[in-house]
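From first to last, the protein sequence lines are chains A and B. All letters in the first sequence, in the order written, are residues 847 to 1101 by our numbering. All letters in the second sequence, in the order written, are residues 202 to 572 by our numbering. Here's the structure we're looking at; comments come further down.
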Amino acid sequence: MQKSWSIYKNVIKALAIIVIAIFFAMIPHIAQAAPPYTSSTYGADQVYMGNGGVNGASSASYKADASLGNTGVGTTTSTNYQPLNGYAPAAEPYIMLSVPAGNDDLGVLSIATTAFVSHTFQAEAYLASGYVVTTMSDAPTYNNGAYSHIMDNLTSPTAATPGTEQFGINLVANTSPSVGANPVQLPSSQFSFGQAASGYDTANLFKYVNGDTIAFSNKSSGITQFTVSYIYNIKTTTPAGQYVFNQILVATGTF
Amino acid sequence: MVSIKNYSKRSIAVVAAFGLVTAALVPLLSGIANAGVVTERNIKISDSKPAATGVVYQVNFKVATTATVKGIVVDFCSDTPIVGETCTAPTGFAITTATPTNQVGISGFANATSTTSTLKITNATGTALTAADQVSFTVTSTNPTPNATFYARILTYANDTGSNSPATYTATSPGTYIDYGGDALTTTNAYTITSAVQEYIAFGVDFTALTLGETASGVMILDTPYITNQTYTTTTNASAGETVRLWSPSGSPGFGSLSNGTQSFTTVTSRVALDSGTNQFGLCIQTPTPGTGTLTPDAQYSNGGTACDTTSSFALDTTAVSATYGDPILSSTGPVVATGTNNLTYGAKVGATQPAGIYTTTHELIATGTF
């Protein structure tokens, strides 16, 4: 009897060893993400050299990620790499497109002069290989239910010409007419990299094609403030009526 | 003799060794580890306004793993794209058409128990994909209500049903998947630019007085047809076109025909060759060729594209011309720019029975745009 109990205890011990071994072997493989830094045999999610810090500190009312003695934070970039610096960079991708709501009224258009207006928006993307901002709107449209007319949009970069029916935009500073501004990198070009897209990046030349990319970044970027300049010209036979342009901008990040 | 104690110790050693070997093999057996990350992933939307309906969502990614994919999950969350974390559905967001269309790189995938915020599509046969193959498809959704960033988790599965498939997927228990990836999207305000184009119409004639007769004397020779041209221009942005009416003031002798106060030239309402009758007065219109738009003469007066001359046919409806608003003689269906030489041709022929005298009439042309 005593011998049988001894054998039984030993079997239990052996099984316990097996279970514990399997458990500790499983722990590394509950991790969810393929690490960004890898070799043929190792991978690392984040590499930090410094005094350290703490993530997920919390009290009843607050949560915090803290670091001590960071020698550098934010994004740095080379031709092929864009590491995120700091003790605890966020692990979640992010994209932001901020467009102030509003309505601009150009009043009555004239065949003698070009009407124009500008409007700003901001874009930002994090942990992205870039973003594009696309315009998804028809050119200014008159529609009275029985009759509709869409203003002639400029399909290639063209100078504004009064007396010719034209609708176009660009995202740079212009002198003819005097409207718009070049993209502004916030806080600086070290952190933000948004650009006006080809076709919309030449002063005094305007274009508009529904669905076109009008701004972009080829990498993660802080905030870039873009100014869109709109020009309107009409001819004598541009149908009379109220024309409405509903500007819809879509930001798409690629991660 | 082998003691029972020694035997049990050896057994423990063997079992322990077996356990360690098994533990070393666990990484090879575990299905959670080593999932690939889909690359070049994005979700394009056709409209960024909060709460916009009927928005097309195009899901794009490149697979990381060579495998046959039978299930795909796209889970939309307001809080995080991290697979395995809790997922709060974006407020107001709803997948309205979960049947994927425009499938690229895959085919035959259909909706499988999708919810309003979690797209689940499957194909029992699956599509064999090679690493870096492009996958794309579209669904229709309603955008979230708040103006904010929201997220999507993309997962591919080797199974279409049962465990480790979209059927058993939950945010915190996604099961074993082939590849995965997180994405971020954003809604934003739209803004409006309004402008107005004023109604515009212009109509002009070159001459205020026309003479039918010999050039030198202005006298008509019996049985000889004479013509004279009135030129006009017109421009309008009337979207429904313009109508030009010929009107003779009320009380005008002859009701628009040539008259000496008591006697009038004969007029006809249907076109007759000018040189066929004994006397006649009428109008003939050649179809103009505007720079923009089209102007069409009324059939009663139209000579088509041919210039009117003394052999052409003429007519004049004096009843209509002398009515309140006059007789329509030209019309367009849209904006017109006719600034070239456009002719209204008057013709007359006098016969021996027409009493002598000075015959006149007054006509006005009235252009009316319909905007």
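Even glycine gets a Cβ: it sits at the ideal position worked out from N, Cα and C.
Going by the beta-carbon positions, is the gap between residue i and residue j smaller than 8 Å?
i: A:Phe1013; j: A:Ala1043; result: no
i: B:Val398; j: A:Ala1086; result: yes
i: A:Ser994; j: A:Phe1091; result: no
i: A:Tyr1054; j: B:Thr395; result: no
i: A:Thr981; j: A:Asp1058; result: yes
i: B:Val538; j: B:Gly494; result: yes
i: B:Val270; j: B:Leu320; result: no
i: A:Leu1095; j: B:Thr389; result: yes
i: B:Leu459; j: B:Tyr526; result: no
i: B:Glu400; j: B:Gly535; result: no
i: A:Asn1050; j: A:Ala985; result: no
i: B:Ile355; j: B:Gly237; result: no
i: B:Phe572; j: B:Thr519; result: no
i: B:Ala353; j: B:Thr362; result: no
i: B:Thr432; j: B:Thr542; result: yes
i: B:Thr373; j: B:Thr287; result: yes
i: B:Pro450; j: B:Thr511; result: no
i: B:Cys485; j: B:Ser453; result: no
i: B:Asp384; j: B:Pro301; result: no
i: B:Phe404; j: B:Ala568; result: yes
i: A:Phe1039; j: A:Ser1067; result: yes
i: A:Ala1097; j: B:Thr266; result: no
i: A:Gln1079; j: A:Glu1011; result: Sequence check: residue 1079 of chain A is Asn here, not Gln. For A:Asn1079 and A:Glu1011, yes; Cβs fall inside 8 Å.
i: B:Arg472; j: B:Phe515; result: yes
i: A:Thr960; j: A:Pro1023; result: yes
i: B:Ile307; j: B:Val284; result: no
i: B:Thr429; j: B:Thr416; result: no
Report the partner residues of residue i according to the DSSP bridge assignment.
i: B:Leu545; result: B:Gln431, B:Ile486
i: A:Val1055; result: According to DSSP, A:Val1055 bridges with nothing at all.
i: B:Gly452; result: BP columns for B:Gly452 are empty, so no partner.
i: B:Ile244; result: B:Val260
i: B:Cys278; result: B:Tyr352
i: B:Lys550; result: B:Gln481
i: A:Leu1095; result: A:Thr981
i: A:Tyr972; result: A:Tyr940
i: B:Arg446; result: B:Pro529, B:Ile567
i: B:Pro498; result: B:Leu531
i: A:Ala957; result: The sequence shown places Ile at residue 957 of chain A, rather than the Ala named in the question. BP columns for A:Ile957 are empty, so no partner.
i: A:Ile996; result: A:Thr987
i: B:Asn312; result: B:Ile322
i: B:Asp476; result: Answer by DSSP bridge pairing: none, since B:Asp476 is not bridged.
i: A:Gly1087; result: B:Val398
In the DSSP assignment, find the unbroken beta strand (DSSP E) run with residue i in it and report its ends.
i: B:Thr328; result: 319–330
i: A:Thr987; result: 987–989
i: B:Asp384; result: 380–387
i: A:Asn1020; result: Unbroken run through A:Asn1020: none, as it is neither H nor E.
i: A:Gly1068; result: 1067–1079
i: B:Ala299; result: 295–305
i: B:Ala403; result: 402–406
i: B:Thr339; result: 335–343
i: B:Ala397; result: 392–398
i: A:Val1030; result: 1030–1032
Let me check you understand the geometry: is the CB of residue i closer than 7 Å to at least one non-hydrogen atom of the ligand MN?
i: B:Phe482; result: Here there are no bound small molecules, and the ligand MN is not part of this structure.
Could you please give the first and the last residue of the uninterrupted alpha helix (DSSP H) stretch that includes residue i?
i: B:Val522; result: 519–522
- prompt: Is there contact here, the segment 552–572 of chain B with the segment 493–504 of chain B, by at least three beta-carbon pairs under 8 Å?
  reply: No, the segment 552–572 of chain B does not touch the segment 493–504 of chain B.
field: Contacting positions in the segment 942–963 of chain A - beta carbon closer than 8 Å to chain B
entry: Met942, Leu943, Ser944, Val945, Pro946, Ala947, Gly948, Asn949, Asp950, Asp951, Leu952, Gly953, Val954, Leu955, Ala961, Val963
task: Taking a Cβ distance cut-off of 7 Å, strictly less, list which residues of the segment 970–991 of chain A are near chain B, in chain order.
output: Met982, Pro986
- prompt: If you measure beta-carbon to beta-carbon, which residues of the segment 483–500 of chain B are closer than 8 Å to chain A?
  reply: Thr493, Gly494
- prompt: What residues from the segment 1074–1097 of chain A come within 7 Å of chain B, judged by C-beta to C-beta, listed N to C?
  reply: If you check each beta-carbon in the segment 1074–1097 of chain A against every beta-carbon of chain B, the ones closer than 7 Å belong to Tyr1076, Tyr1078, Ile1080, Thr1082, Thr1083, Thr1084, Pro1085, Ala1086, Gly1087, Gln1088, Tyr1089, Val1090, Phe1091, Asn1092, Gln1093, Ile1094, Leu1095, Val1096, Ala1097.
query: Does the segment 330–349 of chain B come close enough to the segment 287–302 of chain B to have 3 or more Cβ pairs within less than 8 Å?
result: Taking a contact to require three or more Cβ pairs closer than 8 Å, the segment 330–349 of chain B and the segment 287–302 of chain B qualify as touching.
task: Using a Cβ-Cβ cut-off of less than 7 Å, list which residues of the segment 399–424 of chain B approach chain A; keep chain order.
output: Gln399, Glu400, Tyr401
query: Listed from N- to C-terminal order along the chain, which residues in the segment 381–396 of chain B have their beta-carbon within a distance smaller than 9 Å of any beta-carbon of chain A?
result: Tyr381, Gly382, Gly383, Asp384, Ala385, Leu386, Thr387, Thr388, Thr389, Asn390, Ala391, Tyr392, Thr393, Ile394, Thr395, Ser396
- prompt: For the segment 954–970 of chain A against the segment 1070–1083 of chain A, are there 3 or more C-beta pairs whose distance is under 8 Å?
  reply: yes
message: Counting beta carbon pairs with one atom in the segment 465–485 of chain B and one in the segment 544–551 of chain B, are three or more of them shorter than 8 Å?
response: yes
- request: Decide if the segment 939–950 of chain A is in contact with the segment 970–977 of chain A; the criterion is three or more beta carbon pairs, one per stretch, under 8 Å apart.
  value: These segments touch.
task: With 8 Å as the C-beta to C-beta threshold (strictly closer), list the residues of the segment 235–248 of chain B near chain A in chain order.
output: Listed in sequence order: Asn235, Ala236, Gly237, Val238, Glu241, Arg242, Asn243, Ile244, Lys245, Ile246, Ser247, Asp248.
Proximal residues, the segment 274–287 of chain B versus chain A, C-beta separation under 7 Å: When CB distances to chain A are screened at a threshold of 7 Å, the residues of the segment 274–287 of chain B falling below it are Thr281, Pro282, Ile283, Val284, Gly285, in chain order.
message: Tell me which residues of the segment 439–450 of chain B have at least one Cβ-Cβ distance to chain A shorter than 9 Å, keeping chain order.
response: Ala439, Ser440, Ala441
query: Would you call the segment 309–317 of chain B and the segment 242–259 of chain B in contact, with 3 or more CB pairs under 8 Å?
result: no
- prompt: What residues in the segment 993–1015 of chain A have a beta carbon less than 7 Å from any beta carbon of chain B?
  reply: Tyr993, His995
message: Along the segment 531–559 of chain B, where does the CB come closer than 9 Å to a CB of chain A? Name the residues.
response: Gly535, Pro536, Val537, Val538
Within 9 Å of chain B by C-beta, residues of the segment 1033–1055 of chain A in sequence order: none
Members of the segment 310–338 of chain B that neighbour chain A once the beta carbon cut-off is set at 7 Å: So nothing in the stretch comes that close.
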